[in-house]
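Enquirer: Chains as they are written, first to last, in the numbering used here: chain A, 1 to 315; chain B, 1001 to 1315.
Heads up, the beta-carbon is just placed ideally off N, CA and C, and yes, glycines get one too.
Sharing a structure with you now.
Number of protein chains: 2
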Amino acid sequence: MKPKNFADRLMDAIDAKRNPSIIGLDSEFSKLPGFIKEDARNKSGSSAEAVFNALLKFNTAIIDSIKDIVPAVKLQSAFYEECGPAGMRAFLETARYAKNMGLIVVGDMKRSDIGNTSAAYSNAYLGRVHLFGSMEPAYDLDCITVNPYLGSDSIHPFLDDCRNFGKGIFVLVKTSNPSSSEIQDLLSGNKKIYEIVAGMVDRLGSGLAGERGYSAVGAVVGATYPKEAEALRKLMPEAVFLVPGYGAQGGSAADIVPCFNRDGYGALVHSSRAVIFACQESGKEERFESAAREAALQMKKEISAALREKRLYPW
Amino acid sequence: MKPKNFADRLMDAIDAKRNPSIIGLDSEFSKLPGFIKEDARNKSGSSAEAVFNALLKFNTAIIDSIKDIVPAVKLQSAFYEECGPAGMRAFLETARYAKNMGLIVVGDMKRSDIGNTSAAYSNAYLGRVHLFGSMEPAYDLDCITVNPYLGSDSIHPFLDDCRNFGKGIFVLVKTSNPSSSEIQDLLSGNKKIYEIVAGMVDRLGSGLAGERGYSAVGAVVGATYPKEAEALRKLMPEAVFLVPGYGAQGGSAADIVPCFNRDGYGALVHSSRAVIFACQESGKEERFESAAREAALQMKKEISAALREKRLYPW
């Protein structure tokens, strides 16, 4: 049986929550609530086990507090990798928990390599790997982010797994950080590099469109560059935009509106620190779950209002 | 005490072996010798444990067979990541073993993200991470590869760890794959994108030069593009070039000569499959260690001859 297209799955999840936002589990160990770390250390036999337990405890609590509000979560791999193999165990178990709670799980890996090596990355996060005579999933995420610097042959292996397993990718096009301009904004002919990458994304995604008109190949477009987003929306009509930079990085609700199509779909707005570490503003870390829930609801409200104002709210 | 500059450590290691080559532990699980996998499966309690044991057994045997020949090994992260957290345990233990055997260990991670997230990647592979009140290393490699698409603020966090811990990075400049031209060869003004990235590498590395005249900030320059390498050598005089594409990908010994400076240093030539899976050509997998050793010696001989022919052999 043909698996359901990733973009269709994502649109259904967005409809179910009436909320095109995604919460980042950028669970930096040093920022986790002290009582969770203390408790994990007291109950665990080793430091590695304590790291695993603390990360998983925090993540599952955050997921429980927002799972009825948002359609998706994004795991920033760097914050798990920095905790060593135990961190990757927490990454895996968090992804499983989120999927079991009905959430779409995006891995923010920004991977890319030459062809056969990109295939291994795709096996790892989207597909299957050949172990002891059988094909088994490793992390089995729904979608990951991919870096385009090596060109299309570094992206093709991911497309196979998108097709075979109903998975998706978001290709970095215009990132939210200040120095993204150094390479991405360079002019080549009459186009900027990020516009050329946008053309690549549109082409790569054309064979992977779902029934809702969106492709399993999406694009990362930072909320901090609304003018660029407007132009990019036209260059990649079928792409879902993953939009980082909302909140902590300075992007406002008005800034993210150009990332949406006229149908009110086509963007997934990301916030992390401002939600999962919302408790740190009040200094009451024991209330981290309710603080995260309030922040996620507030974000939904702001995005809804901004879409309604431009008559783009689809529900 | 100030740690020794990475480039100086690398030059010393190259001198000690009289060999500017690096062997890639691209240990794809499906290609490991059948008897190693069988043995690991029989002795291990779980599939994850068997994967870990098989990867580590293969890697330590390869390291033992080449450790007196080469100065460095490179671990391609994708082939460990595709085996899940157990794969990353094998990655960690392999890196430790190689360091204990006196080899320089490069992690081919091609990581990159916005500032504070890049810092987490740097913590993971080069620096220290804050766990339970103390700063601890996670993987503690000597050097990793880094992708430049996000610009210099994505690279800065790695420079801090290079400085503080005597570590290095290789920034992707011109990669060895066929579609590397799609972005990297685009012309902006009178420069190609990879030349602009080369300028960035040269600038970022200028504060991290060692006593031997090379910087801890190096560049990835594919052996499959010798003409480009010649131009890039002039743009980045202080950078060590990590040169993939030798052997299996079609680069010859003559092709890698332009990656060296007039002093006979400045490049580290990489080969993986043609060495670690050399046994597969003969069909005798039980001889994988001696086949790898012979291939590594043959590679050393070819590179030495090519350098001698151009009067670049420094020993």
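Just mark B/Gly1087 as buried or exposed, buried being the case when its beta carbon has 16 or more other beta carbons within 10 Å.
Expert: buried
Enquirer: Would you mind sorting B/Asn1190 into buried or exposed? The rule is 16 or more other CB atoms within 10 Å of its CB.
Expert: Classification for B/Asn1190: exposed.
Enquirer: List, from N- to C-terminal side, the beta strand (DSSP E) runs of 3 residues or more that fit wholly inside the stretch 14-76 of chain A.
Expert: 21-25 and 72-76
Enquirer: Mind listing the chain A neighbours of B/Ser1180? Cutoff is C-beta to C-beta under 8 Å, in chain order.
Expert: Leu150 and Gly151
Enquirer: On the DSSP letters alone, give me the boundaries of the beta strand (DSSP E) that B/Gly1168 sits inside.
Expert: Gly1168 to Lys1174
Enquirer: Ordered along the chain, which non-local residues of its own chain (more than five positions away) have a Cβ less than 7 Å from that of B/His1130?
Expert: none
Enquirer: Is the stretch 1158-1170 of chain B close to the stretch 1134-1143 of chain B, with three or more CB pairs under 8 Å?
Expert: When C-beta atoms of the stretch 1158-1170 of chain B are compared with those of the stretch 1134-1143 of chain B, three or more pairs fall below 8 Å, so the two segments count as touching.
Enquirer: Whose C-beta lies closer than 6 Å to the C-beta of B/Leu1186 among residues of the same chain, with five residues either side of it excluded?
Expert: Ile1193
Enquirer: Which residues of chain A have a Cβ atom closer than 8 Å to the Cβ of B/His1130, listed in chain order?
Expert: Phe29 and Ser30
Enquirer: Would you report the Cα separation of B/Thr1117 and B/Phe1052, rounded to the nearest angstrom?
Expert: Between the alpha carbons of B/Thr1117 and B/Phe1052 lies a gap of roughly 28 Å.
Enquirer: Please give me, in chain order, every unbroken run of the alpha helix (DSSP H) with length at least 4 that falls completely inside the stretch 1117-1187 of chain B.
Expert: 1156-1165 and 1181-1184
Enquirer: Is the Cβ of B/Phe1091 closer than 9 Å to any Cβ of chain A?
Expert: yes
Enquirer: Determine, for A/Ile36, whether the minimum Cβ-Cβ distance to residues of chain B falls below 9 Å.
Expert: no
Enquirer: Listed from N- to C-terminal order along the chain, which residues in the stretch 68-84 of chain A have their beta-carbon within a distance smaller than 8 Å of any beta-carbon of chain B?
Expert: Gln76, Ala78, Phe79, Glu81, Glu82, Cys83 and Gly84
Enquirer: Assign B/Glu1238 to one of two classes, buried (16 or more other C-beta atoms within 10 Å of its C-beta) or exposed (fewer than that).
Expert: The residue in question, B/Glu1238, is buried, as its Cβ has 16 or more Cβ neighbours within 10 Å.
Enquirer: For the beta strand (DSSP E) containing B/Ile1104, name the first residue and the last one.
Expert: Ile1104 to Arg1111
Enquirer: Could you check which residue in A/Ser21, A/Met11, A/Asp12 and A/Asn59 has the C-alpha nearest to that of A/Leu297?
Expert: Nearest option by C-alpha distance: A/Ser21.
Enquirer: Chain A partners of B/Arg1041, CB-CB under 8 Å?
Expert: Phe132
Enquirer: What are the boundary residues of the beta strand (DSSP E) that includes A/Val269?
Expert: Ala267 to Ser271
Enquirer: Going by the CB atoms, is the gap between A/Gly84 and A/Ala48 shorter than 9 Å?
Expert: Taking 9 Å as the Cβ cut-off, A/Ala48 and A/Gly84 qualify as a contacting pair.
Enquirer: Since B/Leu1092 and B/Tyr1139 are thought to touch, with beta carbons under 8 Å apart, how far apart are those beta carbons, to the nearest angstrom?
Expert: 6 Å
Enquirer: If the criterion is Cβ atoms closer than 9 Å, does the pair A/Ser271 and A/Ala295 meet it?
Expert: Yes, the Cβ-Cβ distance between A/Ser271 and A/Ala295 is below 9 Å.
Enquirer: Inspect the CB distances between the stretch 305-313 of chain A and the stretch 268-288 of chain A and report whether three or more fall short of 8 Å.
Expert: no
Enquirer: Taking the beta carbon of B/Asp1263 as the centre, do at least 16 other beta carbons fall within 10 Å, making it buried, or is it exposed?
Expert: It counts as exposed.
Enquirer: Give a yes or no on whether the minimum CB-CB distance between A/Ile183 and chain B is below 9 Å.
Expert: yes
Enquirer: What are the residues that DSSP puts in a beta bridge with B/Gly1218?
Expert: B/Phe1170
Enquirer: With distance defined between alpha-carbon atoms, name the residue in A/Ser122, A/Ser176, A/Ile66 and A/Asp108 nearest to A/Glu101.
Expert: According to the sequence shown, residue 101 of chain A is Met rather than Glu. It is A/Ile66 whose Cα lies nearest to the Cα of A/Met101.
Enquirer: Compute the distance between the beta-carbons of B/Cys1259 and B/Val1269, then report whether it is under 9 Å.
Expert: yes
Enquirer: Would DSSP call B/Gly1251 helix, strand or coil?
Expert: strand
Enquirer: Applying a beta-carbon distance threshold of less than 7 Å, which residues of chain A neighbour B/Ala1061?
Expert: Ordered by position in chain A, no residue passes the 7 Å Cβ test against B/Ala1061, which lies about 19 Å from the chain.
Enquirer: Please state if the CB of A/Asp161 and the CB of A/Ile114 are separated by a distance shorter than 9 Å.
Expert: no
Enquirer: Taking the alpha carbon of A/Gln106 as the reference point, which residue from A/Pro244, A/Phe277 and A/Lys57 has its own alpha carbon closest?
Expert: A small fix is needed here, since residue 106 of chain A is Val in this sequence, not Gln. It is A/Pro244 whose Cα lies nearest to the Cα of A/Val106.
Enquirer: When the Cα of B/Gly1119 is compared with those of A/Ala72, A/Gln76, A/Gly166 and A/Ser112, which residue comes out closest?
Expert: Correcting the residue type first, residue 1119 of chain B is Ala in the shown sequence and not Gly. Of A/Ala72, A/Gln76, A/Gly166 and A/Ser112, the residue nearest in Cα terms is A/Gln76.
Enquirer: What's the C-alpha gap between A/Glu182 and B/Val1197?
Expert: Their backbone Cα atoms lie some 9 Å apart in a straight line.
Enquirer: Considering only heavy atoms of the ligand SAH, does any lie closer than 8 Å to the CB of B/Asn1116?
Expert: What this structure holds is no ligand at all, so the ligand SAH is not there to describe.
Enquirer: With distance defined between alpha-carbon atoms, name the residue in B/Ala1050, B/Ser1112 and B/Pro1178 nearest to A/Thr175.
Expert: B/Ser1112
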